[in-house]
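Below is one structure, written out as structure tokens, with a few remarks after it.
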Amino acid sequence: MDASVFAHALLLNETTSRASIVALLPAELRGAVEAELARMESFSPEKLRESLTNLRSAQAARQRELAEEKLGYSLKYASPVLAAWLARSF
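Positions in the sequence shown are counted from 1; adding 362 to them yields the numbering used here.
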């Protein structure tokens with residue numbers, strides 16, 4: 363899981379035991395999540411939701427690009443349902 367996604371989930375759920383949850387993560391992910399949490403602590407709820415929406419869009423675009431590279435086929439010619447299915451996480 364991306365550190366940014368994990369940090370968003372912790373902040374949006376308003377978890378009181380963040381430190382204990384973050385402590386369970388592997389060391390390399392823990393540092394990244396702590397940095398993201400520190401960066402996002404000052405965000406308003408609206409800014410946090412907007413940031414998460416942008417993150418989702420960026421990840422969906424990345425998944426679509428990876429699928430197109432792997433398949434060798436442009437998904438813009440496929441139906442939206444087929445394109446979404448083909449672009450799911452590999």
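Beta carbons are placed, not taken as given, at the ideal position from N, Cα and C, and that holds for glycine.
Open item on the list: So, with DSSP's three-state summary, where would you put residue 393?
Closed with: Of the three classes helix, strand and coil, the one that applies to residue 393 here is helix, per DSSP.
TODO: May I ask which residues mark the beginning and end of the alpha helix (DSSP H) holding residue 407?
DONE: The continuous alpha helix (DSSP H) containing residue 407 extends over residues 407-433.
- [ ] From the DSSP output, in three-state form, read off residue 381 for me.
- [x] DSSP, reduced to helix, strand and coil, places residue 381 within a helical segment of the structure shown.
TODO: Output the boundary residues of the alpha helix (DSSP H) element that contains residue 445.
DONE: Boundaries of the alpha helix (DSSP H) harbouring residue 445: 442-448, taken from the DSSP string.
TODO: Use the C-beta contact count for residue 433: other C-beta atoms within 10 angstroms, 16 or more gives buried, fewer gives exposed.
DONE: Exposed, because fewer than 16 other Cβ atoms sit within 10 Å of the Cβ of residue 433.
Task: Simplified DSSP state of residue 437, which is helix, strand or coil - done: Of the three classes helix, strand and coil, the one that applies to residue 437 here is helix, per DSSP.
- [ ] Report the three-state DSSP secondary structure of residue 366 (helix, strand or coil).
- [x] Reduced to three states, the DSSP call for residue 366 is helix.
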